[in-house]
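Residue numbers (this note's numbering): 23 to 430. Idealized CB from N, CA, C, for every residue including glycine.
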Amino acid sequence: MAGLNKVSVDDISVKGKRVLVRCDFNVPLKDGVITNDNRIKAALPTINKLVADGGKLILCSHLGKPKEGAGSEPKNKFDLAPVAVKLGEILGKEVKFVYSDNVVDDSVKAAVDNMQDGDVILLANTRFRKEETKNIETFSKDLASISDVFVMDAFGSSHRAHCSTVGVTEFVKETAVGYLMQKEIKYLGNAVEVPEKPFVAILGGAKVADKLNVISNLLEKCDTLIIGGGMAYTFLKAQGSEIGKSLVDEEKIDYCKEMLEKADKLGKKLLLPVDTVITESFPDPIDAPIAVETVSSNAIPADKMGLDIGEKTIGIFSDAVKSAKTVVWNGPMGVFENPVLAKGTLEVAKALADSDATTVIGGGDSAAAVIQMGLADKMTHISTGGGASLEYLEGKVLPGIAAIADKK
Numbered sequence: 023m024a025g026l027n028k029v030s031v032d033d034i035s036v037k038g039k040r041v042l043v044r045c046d047f048n049v050p051l052k053d054g055v056i057t058n059d060n061r062i063k064a065a066l067p068t069i070n071k072l073v074a075d076g077g078k079l080i081l082c083s084h085l086g087k088p089k090e091g092a093g094s095e096p097k098n099k100f101d102l103a104p105v106a107v108k109l110g111e112i113l114g115k116e117v118k119f120v121y122s123d124n125v126v127d128d129s130v131k132a133a134v135d136n137m138q139d140g141d142v143i144l145l146a147n148t149r150f151r152k153e154e155t156k157n158i159e160t161f162s163k164d165l166a167s168i169s170d171v172f173v174m175d176a177f178g179s180s181h182r183a184h185c186s187t188v189g190v191t192e193f194v195k196e197t198a199v200g201y202l203m204q205k206e207i208k209y210l211g212n213a214v215e216v217p218e219k220p221f222v223a224i225l226g227g228a229k230v231a232d233k234l235n236v237i238s239n240l241l242e243k244c245d246t247l248i249i250g251g252g253m254a255y256t257f258l259k260a261q262g263s264e265i266g267k268s269l270v271d272e273e274k275i276d277y278c279k280e281m282l283e284k285a286d287k288l289g290k291k292l293l294l295p296v297d298t299v300i301t302e303s304f305p306d307p308i309d310a311p312i313a314v315e316t317v318s319s320n321a322i323p324a325d326k327m328g329l330d331i332g333e334k335t336i337g338i339f340s341d342a343v344k345s346a347k348t349v350v351w352n353g354p355m356g357v358f359e360n361p362v363l364a365k366g367t368l369e370v371a372k373a374l375a376d377s378d379a380t381t382v383i384g385g386g387d388s389a390a391a392v393i394q395m396g397l398a399d400k401m402t403h404i405s406t407g408g409g410a411s412l413e414y415l416e417g418k419v420l421p422g423i424a425a426i427a428d429k430k
């Protein structure tokens, strides 16, 4: 997988051609208003390039998970119209929203036929077609019928083999990745496959189960693996520590033992919290004020639970980051949504921000935390994927990348 060499938007000529661009416009909406437009902004470099080159841009994306049949939510909840408006504002030109329940029909084809070079239109939610998620070729062919070139720029959907990410490539002659995909391949892919050493990987988040393959793959690639967040307690229990009421995955204790042995056998450092911020119960609501104390990680009282890493651990984790040349981070160190329990995540983020290393944030909650803490511009790369980032960190081949032509 190292150094994947895909045809990119810099390698193709699009003047006068119909360019179908798969974007990731799966943005959070509240009452029809976009509450976070990061994903729209992330698509701009590719869109601007193709517009400047005189392509006729047909953008498509999914939004949420619309269900079919009786009692299902109204389609307007999953309507991309607000995205077209927002994108138009940012681009400074009209983005025409061409709605069809069928996504592609005669009226959509007519709208495409009427496009001038440099025009931009947005299709309806690709998941309005039930074939989309099953990658059934009727919909792939419909999408291909309105395009001469297909550009994949939705990294967040690249781990799914759907019509609009993979199927369509079988029926379009020219395919390429956009700048966002190119950046993900360069930083996330290469950070794991061909890292500059020492390579430190930091994993957090609640569940060990979500990161099983990531832990195993990264142990083979990195020099030091740091484990924080809720998943650390299952590792601590595997070591025989008392963890009180802390989150634990009983079924994964043996797996954690295996990973501790694997690290030992490979001569890798596996760092776990040495001290823990504890409280009586999980904050409800999540940002409610709570009383906390810090104890040693192997002596958590039976009636308490750990919800963040302590000061000593922050020091150890930060020191490991200081000596690194490559750092990949996926998952917070504690319940960062609560100001009292955010310190571990904040301090690790600061250590990355102050580092000279290539720093890659692997999407999801850690990306949200870094953005929320105002440290986004201090990182080399923040991945736009959630599940896609995780699968990439597992060393999997992502179908949405594999489907794009390789450079000759």
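Helix, strand or coil: which one does DSSP assign to residue i?
i       : result
Arg-149 : helix
Val-173 : strand
Phe-221 : strand
Lys-429 : coil
Asn-60  : helix
Asp-330 : strand
Thr-335 : helix
Cys-82  : strand
Leu-72  : helix
Val-419 : coil
Val-190 : helix
Ile-312 : coil
Val-349 : strand
Leu-269 : coil
Ala-183 : coil
Gly-38  : coil
Ser-303 : coil
Lys-274 : helix
Ala-398 : helix
Gly-408 : coil
Asp-341 : helix
Pro-88  : coil
Gly-93  : Residue placement at Gly-93 cannot be trusted, given a pLDDT of 47 that sits under 50; what the coordinates show is reported in the next sentence. Coil at Gly-93, not helix or strand.
Ala-65  : coil
Leu-102 : coil
Tyr-414 : helix
Ala-424 : helix
Who pairs with residue i in a beta bridge, going by DSSP?
i       : result
Ser-318 : Asp-297
Ser-30  : Val-199
Lys-52  : Val-55
Glu-264 : Ala-321
Arg-44  : Cys-82 and Met-174
Lys-291 : Thr-246
His-403 : Val-382
Would residue i and residue j qualify as a contact pair, given that the criterion is a beta-carbon distance under 8 Å?
i       : j       : result
Phe-177 : Val-190 : no
Ala-106 : Leu-144 : yes
Ser-388 : Gly-226 : yes
Thr-155 : Met-174 : no
Ala-228 : Leu-240 : no
Glu-192 : Ser-167 : no
Gly-366 : Ile-336 : yes
Pro-323 : Gly-266 : yes
Thr-381 : Met-401 : yes
Arg-437 : Asp-170 : Coverage of the chain is limited to positions 23 through 430, which leaves residue 437 absent and any answer about it impossible.
Phe-119 : Ala-103 : yes
Cys-244 : Phe-221 : yes
Asp-338 : Val-296 : Rather than Asp, the amino acid found at residue 338 in this sequence is Ile. Yes; because the gap between Cβ atoms is below 8 Å, this pair is in contact.
Ala-231 : Asp-271 : yes
Gly-384 : Ser-411 : yes
Ile-275 : Val-29  : no
Gly-200 : Val-31  : yes
Ile-112 : Ile-56  : no
Thr-148 : Val-125 : yes
Lys-279 : Ala-260 : yes
Val-214 : Leu-415 : yes
The region 342 to 362 / the region 306 to 318 touching (three or more Cβ pairs under 8 Å)
Yes, the region 342 to 362 touches the region 306 to 318.
Cβ contact (3+ pairs, closer than 8 Å) linking the region 416 to 426 and the region 164 to 184:
In the pairwise beta carbon analysis, the region 416 to 426 is classified as touching the region 164 to 184: at least three pairs are separated by under 8 Å.
Note down, one range per segment and in chain order, each beta strand (DSSP E) of at least 3 residues found wholly within the region 351 to 392.
The qualifying runs are 380 to 383.
4-residue-minimum alpha helix (DSSP H) runs that sit fully inside the region 110 to 168, ordered along the chain
Counting only runs of 4 or more, we get 128 to 135 and 159 to 166.
3 or more residues per run - each beta strand (DSSP E) lying fully within the region 205 to 259:
Runs of the beta strand (DSSP E) lying entirely within the region 205 to 259 and spanning at least 3 residues, in chain order: 221 to 225 and 246 to 249.
Quick check: the region 72 to 86 against the region 133 to 153, are there 3 or more CB pairs under 8 Å?
Note that the region 72 to 86 touches the region 133 to 153; at least 3 beta-carbon pairs, one per stretch, sit closer than 8 Å.
Counting Cβ pairs, one atom from each stretch, are 3 or more of them under 8 Å apart for the region 342 to 354 and the region 371 to 391?
Taking one beta carbon from each stretch, the region 342 to 354 and the region 371 to 391 have 3 or more pairs nearer than 8 Å; the two touch.
Counting beta carbon pairs with one atom in the region 298 to 305 and one in the region 326 to 340, are three or more of them shorter than 8 Å?
These segments touch.
Is the region 233 to 240 close to the region 53 to 68, with three or more CB pairs under 8 Å?
Contact between the region 233 to 240 and the region 53 to 68 is absent, because fewer than three Cβ pairs lie under 8 Å.
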